[in-house]
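For the sequence shown, position 301 (counting from the first letter as 1) is numbered 412 according to my numbering, and the numbering increases by one without interruption. Idealized CB from N, CA, C, for every residue including glycine. Remember, predicted model here, so these are calculated numbers, not experimental data.
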Amino acid sequence: MRFISTRGHTPATDIDAALVAGLAPDGGLYVPERIPVLDSLTRGETLADTAIAALAPYFDESSLRDALAHLCAQAYSFDAPLRPLKHDGDHLLELFHGPTAAFKDYAARFLAGALERLRNVGAPPTTIIVATSGDTGAAVASAFHRRAGFNVVILYPEGRVSPRQAHGLECWGGNVRTFRVQGTFDDCQRMAKQALSDEALRREVPLSSANSISLGRLLPQVAYYAHAALGFFEREGAPLNFIVPTGNLGNACAAFVARRMGLPVGELILASNANDVLPRYFAGQPYSPQPTIATLANAMDVGAPSNFERLRHWHESDDALRGALQSFAVDDATIRETIRSAPARHGVVPCPHTATALHVLEQLRASGDTRPWAAVATAHPAKFESIVEPLVGHVVEPPPALARTLAWPAHAESLPAHYEALRAALHAIA
Numbered sequence: 112m113r114f115i116s117t118r119g120h121t122p123a124t125d126i127d128a129a130l131v132a133g134l135a136p137d138g139g140l141y142v143p144e145r146i147p148v149l150d151s152l153t154r155g156e157t158l159a160d161t162a163i164a165a166l167a168p169y170f171d172e173s174s175l176r177d178a179l180a181h182l183c184a185q186a187y188s189f190d191a192p193l194r195p196l197k198h199d200g201d202h203l204l205e206l207f208h209g210p211t212a213a214f215k216d217y218a219a220r221f222l223a224g225a226l227e228r229l230r231n232v233g234a235p236p237t238t239i240i241v242a243t244s245g246d247t248g249a250a251v252a253s254a255f256h257r258r259a260g261f262n263v264v265i266l267y268p269e270g271r272v273s274p275r276q277a278h279g280l281e282c283w284g285g286n287v288r289t290f291r292v293q294g295t296f297d298d299c300q301r302m303a304k305q306a307l308s309d310e311a312l313r314r315e316v317p318l319s320s321a322n323s324i325s326l327g328r329l330l331p332q333v334a335y336y337a338h339a340a341l342g343f344f345e346r347e348g349a350p351l352n353f354i355v356p357t358g359n360l361g362n363a364c365a366a367f368v369a370r371r372m373g374l375p376v377g378e379l380i381l382a383s384n385a386n387d388v389l390p391r392y393f394a395g396q397p398y399s400p401q402p403t404i405a406t407l408a409n410a411m412d413v414g415a416p417s418n419f420e421r422l423r424h425w426h427e428s429d430d431a432l433r434g435a436l437q438s439f440a441v442d443d444a445t446i447r448e449t450i451r452s453a454p455a456r457h458g459v460v461p462c463p464h465t466a467t468a469l470h471v472l473e474q475l476r477a478s479g480d481t482r483p484w485a486a487v488a489t490a491h492p493a494k495f496e497s498i499v500e501p502l503v504g505h506v507v508e509p510p511p512a513l514a515r516t517l518a519w520p521a522h523a524e525s526l527p528a529h530y531e532a533l534r535a536a537l538h539a540i541a
């Protein structure tokens with residue numbers, strides 16, 4: 112299988128080169144030349160088994176083909192359970208059981224293992240540059256921490272992540288260097304993309320990406336949608352519909368790819384926070400990136416979603432795209448009320464991002480929708496204890512892996528929201 116740029120100005124390449132590059136040379140995002148349809152895929156005994164089957168078509172011609180089972184065993188060593196909620200037909204897809212308590216752990220671990228195997232012996236270290244609105248950076252840091260031949264540079268917007276998220280970005284040390292950027296996530300994302308597109312810099316400093324712009328982040332996320340949907344279909348004989356909290360659209364794109372592959376994924380709804388670029392677009396307005404608004408669901412504080420470019424590539428027109436997905440915005444007041452009422456109403460304590468999906472689910476039920484739905488739980492609520500605990504009235508204990516990292520010392524450096532400052536820092540690291 113070959114992979115092409117969404118912008119069409121880069122020759123088709125194999126998946127190995129696309130994984131190493133991160134961003135296509137023309138500034139576009141790599142996508143499969145075609146999305147394979149898997150009519151006969153069955154659910155594996157474990158999430159790793161399902162991941163192997165779902166990802167195999169993409170790695171048919173890769174040097175990683177024979178290592179795929181090992182990569183999946185390492186990346187998907189913790190489950191992604193589909194948990195029934197209190198009301199019939201309501202489910203929660205829990206994606207927060209990894210080392211940094213966020214859904215991004217699965218794909219970050221897969222990508223780290225893949226890039227380690229693709230690295231040439233004796234080559235200079237590769238710097239993985241990652242812009243984060245809260246959770247990506249910690250997952251990438253965890254996945255690459257102490258891997259020989261790699262440095263990690265994390266860019267996060269100062270003052271716009273929760274205290275525990277900030278600690279999870281700053282506590283690694285070693286080959287991980289963290290910068291508090293004096294700006295928004297969109298500034299961090301812009302700077303990372305500039306670096307990845309800077310050919311002169313890349314000749315001197317080998318760079319790659321671990322953001323959701325990377326194909327190595329997108330494709331591995333298909334696995335947990337495949338596993339949940341196939342298991343549900345085997346039990347119930349019906350497709351499972353998903354509500355995906357999203358900011359930069361990587362997780363939502365993975366759900367879309369799973370559906371395009373012929374898996375029993377039904378309707379997809381995107382839950383946004385007050386950064387409503389996507390809801391306005393899907394309601395019929397032109398796509399128009401906006402300045403980022405700080406919200407309680409900070410990992411979704413994105414005003415220019417990178418992966419929108421992939422969604423547009425996969426549809427012949429705006430009308431076709433709008434017919435494939437829906438999107439709704441949820442403001443902070445509603446997030447608070449959803450968290451407050453969730454223990455009694457649903458039997459769970461959600462993080463602010465998960466709360467946006469639960470609110471959309473509540474609206475669907477209020478409108479008379481009786482189909483089976485899964486709200487996607489993207490992070491553990493203990494990462495947002497200062498928001499969640501006052502609303503639910505009790506302590507939310509962090510899972511063991513998160514508790515361990517919270518005990519480590521943390522350090523970060525301040526960085527202006529200017530590309531030249533980042534460029535100088537990257538030169539100093541190399």
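| field | Length-filtered (3 minimum) beta strand (DSSP E) runs lying within the region 202 to 266 | value | For the region 202 to 266, whole beta strand (DSSP E) runs of length 3 or above, ordered along the chain, are 237 to 242.
| said: Suppose contacts are defined by Cβ-Cβ distances below 7 Å. Is PRO492 in contact with VAL507 by that definition? | reply: Contact: yes.
| said: For a quick check, are the C-beta atoms of THR121 and PRO136 less than 7 Å apart? | reply: Yes, Cβ-Cβ distance for THR121 and PRO136 is below 7 Å.
| Of the residues VAL376, SER319 and GLY414, the one placed nearest ASN359, counting alpha carbons only | Out of VAL376, SER319 and GLY414, GLY414 has the C-alpha closest to the C-alpha of ASN359.
| message | Assuming ALA254 and ARG220 are in contact, meaning their beta carbons sit under 8 Å apart, how far apart are those beta carbons, in whole angstroms? | response | Yes, ALA254 and ARG220 are in contact; Cβ-Cβ is about 5 Å, under 8 Å.
| Cα-Cα separation between GLN437 and LEU381, rounded to whole angstroms | Looking at the two C-alpha atoms, the distance is approximately 6 Å.
| query | What is the rounded straight-line gap between the Cα of GLY224 and the Cα of ASP297? | reply | GLY224 and ASP297 have their alpha carbons spaced roughly 28 Å apart.
| request: Would you mind reading off the limits of the alpha helix (DSSP H) that contains THR516? | output: Per DSSP, the continuous alpha helix (DSSP H) segment holding THR516 begins and ends at 511 to 517.
| Is the CB-CB distance between ALA212 and LEU513 below 7 Å? | The answer is yes: Cβ separation under 7 Å.
| message | Pull the bridge partners of LEU193 from the DSSP assignment, please. | response | LEU193 is bridged to LEU204.
| field | Run of the beta strand (DSSP E) containing ASN352, from where it starts to where it stops | value | Per DSSP, ASN352 belongs to the beta strand (DSSP E) from 351 to 356.
| ARG271: first and last residue of the uninterrupted beta strand (DSSP E) it sits in | No beta strand (DSSP E) contains ARG271, which DSSP labels as neither H nor E.
| query | Does the separation of the CB atoms of ARG291 and ALA523 fall below 7 Å? | reply | In this structure, ALA523 lies closer than 7 Å to ARG291 by Cβ.
| task | Measure the C-alpha to C-alpha separation of VAL287 and SER188 and round it to an integer number of angstroms. | result | Rounded to whole angstroms, VAL287 and SER188 show a C-alpha spacing of 23 Å.
| query | Going by DSSP, which residues form a beta bridge with LEU376? | reply | Sequence check: residue 376 is Val here, not Leu. VAL376 is bridged by DSSP to LEU351.
| So, do the region 294 to 313 and the region 145 to 156 have three or more beta carbon pairs nearer to each other than 8 Å? | Two segments are said to touch when three or more pairs of C-beta atoms, one from each, lie closer than 8 Å; by this definition the region 294 to 313 does not touch the region 145 to 156.
| request: Keeping to the same chain, check which residues put their C-beta closer than 6 Å to that of TYR398; ignore five residues upstream and five downstream. | output: The beta carbon of TYR398 sits closer than 6 Å to those of TYR392, all from its chain and outside the five residues before and after it, given in chain order.
| said: Below 8 Å on the Cβ atoms is my contact criterion, and I expect LEU222 with ARG113 to pass it. Report the Cβ-Cβ distance as a whole number of Å. | reply: Here LEU222 is actually not in contact with ARG113; their C-beta atoms are around 20 Å apart, not less than 8 Å.
| request: Could you tell me if ASP216 is buried or exposed, where buried requires 16 or more neighbouring beta carbons within 10 angstroms of its beta carbon? | output: Taking a 10 Å sphere around the C-beta of ASP216, we find 16 or more other C-beta atoms and assign the residue as buried.
| request: State yes or no: is the C-beta of THR403 within less than 7 Å of the C-beta of ASN384? | output: Not in contact: THR403 and ASN384 (Cβ atoms no closer than 7 Å).
| request: Provide the residue span of the alpha helix (DSSP H) that contains LEU166, from first to last. | output: First-last of the alpha helix (DSSP H) with LEU166: 158 to 166.
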